[in-house]
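Enquirer: For the record, the sequence lines run as chains A and B. Here this note's numbering is used: the first sequence runs in plain steps of one and ends on residue 480. Here this note's numbering is used: the second sequence runs in plain steps of one and ends on residue 895. Here it is, the structure, as structure tokens.
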Amino acid sequence: MDNRQKEINNLKDYKYGFSTDIENIQAPKGLNEDVIKFISNIKKEPAWMLEFRLKAFERFKVLKEPDWQKPKFPKIDYQDLYYYSAPKSMKDKPKSLDELDPKLLETYKKLGIPLQEQARLNGIAVDAVFDSVSVATTFKDELTKQGIIFCPISEAIQNHPELVKKYLGSVIPTSDHFFATLNSAVFTDGSFVYIPEGVRCPMELSTYFRINASNTGQFERTLIIADKGSYVSYLEGCTAPMRDENQLHAANVELIALDDAEIKYSTVQNWYPGDKDGKGGIYNFVTKRGLCKGKNSKISWTQVETGSAITWKYPSCILKGDNSVGEFYSIAITNNHQKADTGTKMIHLGKNTKSKIISKGISAGSSDMTYRGLVDISSKAKNSTNYTQCDSLLMGSKCGAHTVPYIKNKNSESNIAHEATTSKISEEQLHYCQQRGLNPEEAVGLIVNGFCKEVLQQLPMEFAVEAQKLVGISLEGSVG
Amino acid sequence: MKEQLQKDFDNSIKNLSLSQKDIEIKKFCLENFIDKGFPNRKEEDWKFSDLNQIIKNNIGELSFYNDQTSTNKVDTSVFVDGLEHNKIVFVNGRIEKIDFEYEKKDQIEIIDQSETINEFKNSNSLSDLNNAFTNKCFKILVKKGYQLAKPLIIYHTTNSKIWSKNINLRLNFELDKDSLLRLIDLFNDTSEKNFLNIFYNFQLKENAVLKNYKVDKFENKNIKYSFNNIDQDKNSISETFILSSGSNFFKNEINCNLNGVYASAFVNGVFSLNNHKHHEIRSIVNHLTENTKSYQLIKSVLDDSSKAVYQGKIFVNSDAQKTDGYQLSRAILLNKESEFNAKPELEIYADDVKCSHGSASGSLNEDSIFYLMSRGLSYQQSRELLINGFLLDVVEKITDSEIKNLIKNMIGIKE
């Protein structure tokens with residue numbers, strides 16, 4: 001019991017809340033063309049990339065910050081942010097892990113992400129992003145043998161410009177919404193994955209994001225291309241130090257699946273959620289979009305959202321190819337003063353397309369949870385089906401849970417089914433568990449895990465265990 | 481449009497005996513409307529039905545001035561046969577007849593309330609338009625303990641003598657303690673291309689029961705908007721049934737505030753659409769106190785290039801523990817051009833609640849058709865049988881058997 005208590009006490013506070021004291025290079029504060037040129041310059045980008053950024057910035061200038069979402073937040077001063085921050089030691093890229101700043105290695109060790117390849121993490125290749133730059137990518141050789149490209153996107157721009165040029169912005173164009181456009185203008189780093197035709201990626205690919213410097217926005221961009229008949233499973237994890245001010249994280253993720261390809265994208269998001277009174281925390285405004293471009297392609301999003309002060313994201317699938325499949329599995333947990341407005345968009349364009357949405361929301365404390373989703377079956381998407389299920393669980397009388405689905409059916413041969421329920425853990429369920437010797441907290445943990453099981457099953461093994469623990473931790477102190 | 485509005489407004493005020501203050505209020509409403517215009521797609525509540533565009537495409541320029549000085553002839557052939565009922569008859573937006581012949585005269589009071597204006601939460605620029613142009617507004621008060629013996633039918637009729645393109649109506653109802661009102665709204669239009677803008681306000685006191693049936697059955701080329709605001713006290717019950725079928729465009733909005741404990745609200749609707757029709761039901765049930773209940777069932781059958789929209793919202797306030805809210809919308813699309821859009825929304829701030837919604841849309845079940853055909857029915861017969869059964873489900877929810885039969889006959893559903 002003592003041990004368990006100790007463990008709980010350890011976990012109760014955000015355990016990734018430390019910051020690393022490391023020397024940084026930063027772009028001048030503020031957002032203007034010079035800063036964009038600075039970023040482009042420091043990354044030694046070709047001219048077309050700078051053009052891409054400036055085009056996005058032109059568009060950004062006329063856009064207004066959207067305000068339709070449920071969680072309101074104080075106005076962000078975009079001129080008061082640093083748009084580029086990198087550890088100084090990264091200026092001249094280290095050739096190997098041995099040259100990496102030991103402080104960085106230590107940080108990742110603390111986070112439980114071993115960058116040394118000998119400390120194998122069950123064969124997962126990791127790309128670690130620290131503030132604005134990617135610091136290390138593991139298992140490169142093994143992947144290269146199969147023709148797989150897995151590298152920071154800044155490297156891909158140098159080494160594989162033809163691929164980047166072709167696909168970057170093809171799913172999230174520079175003319176998209178406010179935060180996506182901001183990202184297009186100032187994105188600093190992120191991961192690039194290309195799986196060649198017919199290759200089944202032998203290991204899980206993973207990116208680990210960490211915001212360290214204060215007053216920095218993190219704008220990473222991930223681009224994953226699965227060529228014909230290939231398969232890849234990709235994981236994403238994130239943490240940030242505890243700080244009093246709110247920090248902005250506006251990432252763009254683009255997935256492209258060609259004929260018969262499959263992409264599985266899993267996220268465990270655990271940004272710093274702010275303290276018990278709702279002070280500080282990350283604003284997580286992310287644009288994630290997948291394009292099932294080819295026939296029989298499949299994109300599957302799985303997310304466990306436990307962190308961030310405000311989460312605002314809708315991983316979407318555009319089902320363009322015939323017979324393509326889109327899936328979305330989500331657990332969103334909010335506690336204390338956290339707010340989440342999350343869901344998905346399934347846009348059916350091709351024939352015989354299928355989509356499935358399973359969303360589980362749990363709100364506790366004084367938090368607010370919204371599921372917002374769109375299912376749009378166009379008139380050409382013959383014989384398509386969608387199934388949506390969103391369940392919410394409320395714990396405590398001060399929290400809110402909302403469901404806002406938009407359902408559009410323009411094809412008589414297609415079927416849409418949508419179900420949603422909202423309830424609390426029933427007294428009977430609790431009583432049953434307690435009768436069998438569980439204490440109230442364990443009982444709630446058990447019931448919540450059962451509630452989330454459908455989604456947790458979708459996660460790769462190592463992540464599932466972590467996520468299950470995370471679910472428990474996020475709800476600590478909400479029972480009683 | 482602005483000059484037209486201003487001109488028609490000046491004309492209509494001239495004929496009214498209003499105090500200076502009332503004129504000021506009406507002017508203020510007019511200015512509000514001019515400022516905002518007709519609701520359009522940019523407004524969240526009108527996302528699926530851009531009224532501004534619909535009016536432009538179907539009617540073109542509107543005119544607003546209605547000469548209320550001369551009477552219209554009441555066409556008695558529109559009256560419902562075989563059901564004894566009280567009547568209120570609107571012809572071209574003017575009240576021509578109020579007749580409570582089956583009721584005790586001292587139990588119902590009709591009060592002129594033309595000077596008051598609508599102030600609803602959740603409303604839009606159309607309430608400003610309504611306020612600016614309504615001429616006469618009555619409040620019908622059903623006194624304590626009185627239960628109307630016969631239903632009241634409100635006939636909304638228009639004919640070719642109509643003055644303006646736009647008609648604004650308003651009625652208020654107050655149901656005192658333990659009273660009961662059964663109300664049928666029957667739409668019967670022979671005019672073309674008009675925009676009807678109707679506002680009802682109901683106040684239900686303790687134990688009061690309101691049953692409102694809105695029947696838009698007859699083919700017409702008009703555009704209609706109807707807004708019902710229902711405030712409910714302790715133990716009161718409201719039942720709303722909507723048959724949405726005849727008009728070119730019809731948007732029904734029901735806004736229910738469950739203010740008293742054990743109050744309950746039922747909203748049921750049927751869309752049966754063909755051609756280019758575009759109909760919408762938007763219902764908002766606000767559970768504001770504990771132990772309240774709501775139930776909503778909407779079914780649609782859509783043929784040709786018709787379009788139906790259902791926006792339903794269950795709002796549960798943080799005080800409203802033990803709420804029971806349920807919402808289901810189902811649609812059958814018969815034609816590849818038809819379209820069904822739904823936005824079933826839950827907004828919940830209390831934890832001890834049971835709320836759920838479901839929405840499904842798709843084609844007729846081929847297996848069911850096969851089953852029926854293998855038993856000797858033709859394809860057409862099987863199809864009709866299935867559609868009948870599908871819609872009957874909602875009609876069966878009508879609690880008043882007299883009216884249930886009337887409506888069944890009207891839409892030709894056989895058992």
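C-beta atoms are modelled at their ideal positions from N, C-alpha and C, and glycine is treated no differently.
Work out the CA separation of residue 58 of chain A and residue 203 of chain A for me, nearest whole Å.
Expert: Our two residues, residue 203 of chain A and residue 58 of chain A, have alpha carbons roughly 40 Å apart in a direct line.
Enquirer: Report the residues of the stretch 805–834 of chain B with a CB closer than 8 Å to any CB of chain A, ordered along the chain.
Expert: 811, 813, 814, 815, 816, 817, 818, 819, 820, 821, 822, 823, 824, 825, 826, 827, 828, 829, 830, 831, 832, 833, 834
Enquirer: What's the C-alpha gap between residue 817 of chain B and residue 782 of chain B?
Expert: 9 Å
Enquirer: Starting from the C-beta of residue 39 of chain A, find all residues in its chain whose C-beta is less than 7 Å away, skip the five residues before and the five after it, and write them out in chain order.
Expert: 27, 83, 84, 186, 188
Enquirer: For chain B, is any of its Cβ atoms less than 7 Å away from the one on residue 172 of chain A?
Expert: no
Enquirer: With a threshold of 8 Å, are at least 3 pairs of Cβ atoms found where one atom belongs to the stretch 857–867 of chain B and the other to the stretch 417–436 of chain A?
Expert: They do not touch, by the three-pair rule.
Enquirer: Out of B/736, B/669, B/624, state which residue places its alpha-carbon closest to the alpha-carbon of residue 703 of chain B.
Expert: B/669
Enquirer: Give the range of the alpha helix (DSSP H) segment to which residue 518 of chain B is assigned.
Expert: Careful: residue 518 of chain B lies outside any alpha helix (DSSP H) and carries neither H nor E.
Enquirer: Mind checking residue 813 of chain B: buried by the 16 CB within 10 Å criterion, or exposed?
Expert: Buried, by the Cβ-count rule.
Enquirer: What is the residue span of the beta strand (DSSP E) that residue 481 of chain B lies within?
Expert: Where residue 481 of chain B is concerned, there is no enclosing beta strand (DSSP E), given that its DSSP letter is neither H nor E.
Enquirer: By the 10 Å Cβ neighbour count, where 16 or more other Cβ atoms means buried, how is residue 388 of chain A classified, buried or exposed?
Expert: buried
Enquirer: Considering only the alpha carbon of each residue, which of B/612, B/719, B/853, B/863 lies closest to residue 486 of chain B?
Expert: Nearest to residue 486 of chain B by C-alpha distance, out of B/612, B/719, B/853, B/863, is B/612.
Enquirer: Secondary structure at residue 509 of chain B, three-state DSSP: helix, strand or coil?
Expert: The answer is helix: DSSP assigns residue 509 of chain B an H, G or I state.
Enquirer: Compare the C-beta of residue 330 of chain A with all C-beta atoms of chain B and state if any pair is closer than 7 Å.
Expert: no
Enquirer: Just the chain B side, please: which residues come within less than 7 Å of residue 406 of chain A by C-beta, in chain order?
Expert: 823
Enquirer: Can you tell me whether residue 465 of chain A is buried or exposed, with buried defined as 16 or more other CB within 10 angstroms of its CB?
Expert: exposed
Enquirer: Determine, for residue 349 of chain A, whether the minimum Cβ-Cβ distance to residues of chain B falls below 7 Å.
Expert: no
Enquirer: So is residue 454 of chain A in contact with chain B if we call contact Cβ pairs under 7 Å?
Expert: no
Enquirer: Specify whether the stretch 334–347 of chain A and the stretch 435–443 of chain A touch according to this definition: at least 3 beta carbon pairs, one from each stretch, less than 8 Å apart.
Expert: no
Enquirer: For chain B, is any of its Cβ atoms less than 7 Å away from the one on residue 397 of chain A?
Expert: yes
Enquirer: When you compare only the Cα positions, how much space is there between residue 532 of chain B and residue 307 of chain A?
Expert: 43 Å
Enquirer: Using 10 angstroms around the beta-carbon of residue 66 of chain A, count the other beta-carbons present and answer buried if the total reaches 16, otherwise exposed.
Expert: exposed
Enquirer: Any idea if residue 592 of chain B is buried or exposed, counting beta-carbon neighbours within 10 angstroms, 16 or more meaning buried?
Expert: exposed
Enquirer: Compare the Cα-Cα distances from residue 378 of chain A to each of A/402, A/392, A/353, A/394 and report the closest residue.
Expert: A/353
Enquirer: So, is the C-beta of residue 843 of chain B closer than 7 Å to a C-beta in chain A?
Expert: yes
Enquirer: Go ahead and label residue 691 of chain B buried or exposed: buried means 16 or more other beta carbons lie within 10 angstroms of its beta carbon, across all protein chains shown.
Expert: Result: buried.
Enquirer: Rounded C-beta distance between residue 605 of chain B and residue 516 of chain B? I'm assuming under 8 Å.
Expert: 4 Å
Enquirer: Do you know offhand how far residue 610 of chain B's Cα is from residue 557 of chain B's?
Expert: 29 Å
Enquirer: Just how far apart, CA to CA, sit residue 246 of chain A and residue 16 of chain A?
Expert: Here the alpha carbon of residue 246 of chain A sits roughly 16 Å from the alpha carbon of residue 16 of chain A.
Enquirer: Using the Cα positions of residue 674 of chain B and residue 788 of chain B, report the straight-line distance between them to the nearest angstrom.
Expert: 20 Å
Enquirer: Nearest chain A C-beta to residue 752 of chain B closer than 7 Å, yes or no?
Expert: No, residue 752 of chain B does not count as interfacial toward chain A.
Enquirer: Return the bridge partner residues of residue 874 of chain B from the DSSP annotation.
Expert: BP columns for residue 874 of chain B are empty, so no partner.
Enquirer: Provide the residue span of the beta strand (DSSP E) that contains residue 883 of chain B, from first to last.
Expert: Looking at the DSSP string, residue 883 of chain B is not in any beta strand (DSSP E); the run it does join, the alpha helix (DSSP H), is 881–891.
Enquirer: May I ask you to report which of helix, strand or coil DSSP gives residue 199 of chain A?
Expert: coil
Enquirer: Helix, strand or coil, according to DSSP, for residue 181 of chain A in the structure here?
Expert: Residue 181 of chain A sits in a helix when the DSSP states are folded into three classes.
Enquirer: Starting from the C-beta of residue 683 of chain B, find all residues in its chain whose C-beta is less than 6 Å away, skip the five residues before and the five after it, and write them out in chain order.
Expert: 654, 711
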